[in-house]
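Taking this note's numbering, the leading residue of the sequence shown gets 1058, the next gets one more, and so forth. Each residue gets a CB set at the ideal place from its N, CA and C atoms; glycine is no exception. Note that this is a predicted model, so its numbers are computed, not measured.
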Amino acid sequence: MDFFELMQKRTSSRKFTGEALTEEEINQILKAGALAPVGSNRYGNVHLTVVTDKALLKKLAEASQIRRSNTKEMAAIINNVSNADEILEQANSYDPFYDAAAVIFVSHRKQDLEPNIQWCDVTSVTMAMHLATVEMGLGSCYMWFALDSMRRIPELDHTDLLQLPEDFEPLLGLAVGHIEEPLKERDIDPMRIGRTFL
Ligand SMILES: Cc1cc2nc3c(=O)[nH]c(=O)nc-3n(C[C@H](O)[C@H](O)[C@H](O)COP(=O)(O)O)c2cc1C
1058 MDFFELMQKR
1068 TSSRKFTGEA
1078 LTEEEINQIL
1088 KAGALAPVGS
1098 NRYGNVHLTV
1108 VTDKALLKKL
1118 AEASQIRRSN
1128 TKEMAAIINN
1138 VSNADEILEQ
1148 ANSYDPFYDA
1158 AAVIFVSHRK
1168 QDLEPNIQWC
1178 DVTSVTMAMH
1188 LATVEMGLGS
1198 CYMWFALDSM
1208 RRIPELDHTD
1218 LLQLPEDFEP
1228 LLGLAVGHIE
1238 EPLKERDIDP
1248 MRIGRTFL
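As structure tokens, then:
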């Protein structure tokens, strides 16, 4: 697929068919993650965890559900998301992972050597996997809220269940699954991000 066609088809999918992903599909997405650039070539600082176990995802969703019920905070966060009203109405049954076939958690080694580079690394890897899903005709969505909620509500932080290597923390995730309709190219205003030329 042409690069700009792919970028214009790219969107955050939040509805999935329920069909499982094949091992080949999952491996292809993980491969895209491994092809992404990371700071100082430190690939050993990033770890990917593929979760397809629904019971585990349910447990990992607990903190988000509690936080979701704080509608004031939520309204401010999701103000710009197109289905914000729907999201607020569904606070109780909210699944931050949108019942995706798999969630790929992107974790990083805790480190002070290069401040905040962990966020850049996990975003780079997640973006590559997100784009791979578009190319493969699948849907996917970044997962920040669920992990941030776990950090904010430490008693509901179940990330130990991810069996991460020592000294790693989950920072982002990608919910992935099959979608009903193929993604269509969107007409996006290239000026939506401000520019300065110096
Ligand atoms: C760093 C980052 C974190 C995000 N976290 C979430 C999230 O936790 N839940 C969610 O539904 N969408 C999340 N998104 C998706 C954004 O809301 C989405 O990309 C944005 O609204 C633009 O919509 P589009 O991707 O369909 O073009 C995240 C996106 C990024 C880049």
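Next item on the list: Have a look at S1052 and V1108 and give me their C-alpha separation to the nearest angstrom.
Entry: Outside the shown range of the chain, which is 1058 to 1255, sits residue 1052, and nothing can be said about it.
Next item on the list: Tell me whether E1212 is buried or exposed, calling it buried when 16 or more other Cβ atoms sit within 10 Å of its Cβ.
Entry: exposed
Margin query: Could you check whether L1078 and F1162 sit closer than 9 Å to each other, using their CB atoms as the reference points?
Written below: no
Checklist line | Completely contained beta strand (DSSP E) runs for the stretch 1129-1192, where each covers 3 or more residues | finding: 1159-1166
Check: So, helix, strand or coil for S1197, using DSSP?
Finding: strand
Note to self: Please determine whether the Cβ atom of P1153 lies at a distance below 8 Å from any heavy atom of ligand 1.
What the structure shows: yes
Checklist line | Classification of D1217 by the beta-carbon crowding that lies within 10 angstroms, buried from 16 upward | finding: exposed
Notebook entry, point to check: Residue range of the alpha helix (DSSP H) that A1232 falls in?
Noted result: No alpha helix (DSSP H) holds A1232; the beta strand (DSSP E) holding it covers F1225 to G1234.
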